[in-house]
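Numbering follows our numbering, with no gaps: position 104 of the sequence shown is 126. Data first, discussion second: the structure below is written as structure tokens.
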Amino acid sequence: SRSSGPTWLRWVVGAYVELIRNTPFIVQLFFIFFGLPAAGVKLSPEAASIIAMVANLGAYSTEIIRAGIEATPKGQIEAAVSLALDRVQVFFRVVLPPALKKVWPSMVSQIVIVMLGSAVCGQISTEELSYAANLIQSRNFRAFESFIVATLIYLALSVMLRRLLDWAGPKYFFGR
């Protein structure tokens, strides 16, 4: 929608993407958790964390996918049009599949970054791994050990998530 579609939609999507990409994740999280209640929307820390992470991933993914779509050779689109495919068929059958295949490694990296960014969610009392490590170190005063274990768990989660997505992407999304 940032590259095509109605002007008003391009403007809204562009503003959303620029706002998210140019503000720190913690500010986005605080706005959702502390700012939305001022508008009458009360959220649990977990719900606010999920919404903030999805909004963040959505903005970055929009740009990643847009770059993949814009990398589609014009000749490929012209060939699809010459076969009497309509705009929707051209997009979903000719443009999008190879674009997603090209950008899949970047998407995987962004998903891992968002998962690692969940550590910030402890700032609004979401009980996640960093929050748990901080709680443990405050009880036994063994900060180094607590955070080394948390680091190793984050490392293991990142490696497993990356391997799962590297395996699942080609198998389920690209038909290999």
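Positions of the beta carbon are idealized from the N, C-alpha and C atoms, including for glycine. If you're wondering where the values come from, they're calculated on a predicted model, not measured in any experiment.
Residue i, buried or exposed, once every other Cβ within 10 Å from all chains shown has been counted against 16
i: glycine 90; result: buried
i: alanine 106; result: exposed
i: glutamine 203; result: Outside the displayed span of the chain (23 to 198) sits residue 203, for which this structure offers no information.
i: phenylalanine 47; result: buried
i: alanine 165; result: exposed
Cβ shell of residue i (< 6 Å), same chain only, five flanking positions each side left out
i: alanine 141; result: Ser152
i: leucine 179; result: none
i: methionine 75; result: Val136
i: glutamate 150; result: Ser140, Cys143, Gly144
Nearest-angstrom beta carbon gap, residue j and residue i [assumed within contact, 8 Å]
i: valine 136; j: leucine 79; result: 5 Å
i: leucine 138; j: tyrosine 176; result: 6 Å
i: valine 117; j: threonine 94; result: 5 Å
i: arginine 184; j: valine 134; result: 6 Å
i: valine 103; j: valine 112; result: 6 Å
i: alanine 155; j: phenylalanine 169; result: 5 Å
i: phenylalanine 55; j: isoleucine 146; result: 5 Å
i: threonine 130; j: glycine 191; result: For clarity, residue 130 is valine in the given sequence; the question names threonine instead. 7 Å between Cβ atoms; contact.
Own chain partners of residue i with C-beta closer than 8 Å, once the 5 adjacent residues on each side are dropped
i: glutamine 132; result: Leu79, Tyr82, Ser83, Ile86
i: valine 125; result: Ile86, Ile87, Ala89, Gly90
Cβ of residue i within 8 Å of any chain B Cβ
i: serine 128; result: No chain B is part of this structure, which consists of one protein chain only.
Residues of its chain near residue i, where Cβ-Cβ distance is below 7 Å and the 5 sequence neighbours each way are ignored
i: alanine 77; result: Ile42, Gln50
Is the segment 38-46 touching the segment 81-88, taking contact as three or more C-beta pairs under 8 Å?
Yes, the segment 38-46 touches the segment 81-88.
Would you call the segment 57-68 and the segment 107-127 in contact, with 3 or more CB pairs under 8 Å?
With a cut-off of 8 Å, the segment 107-127 and the segment 57-68 do not count as touching, because too few Cβ pairs lie within range.
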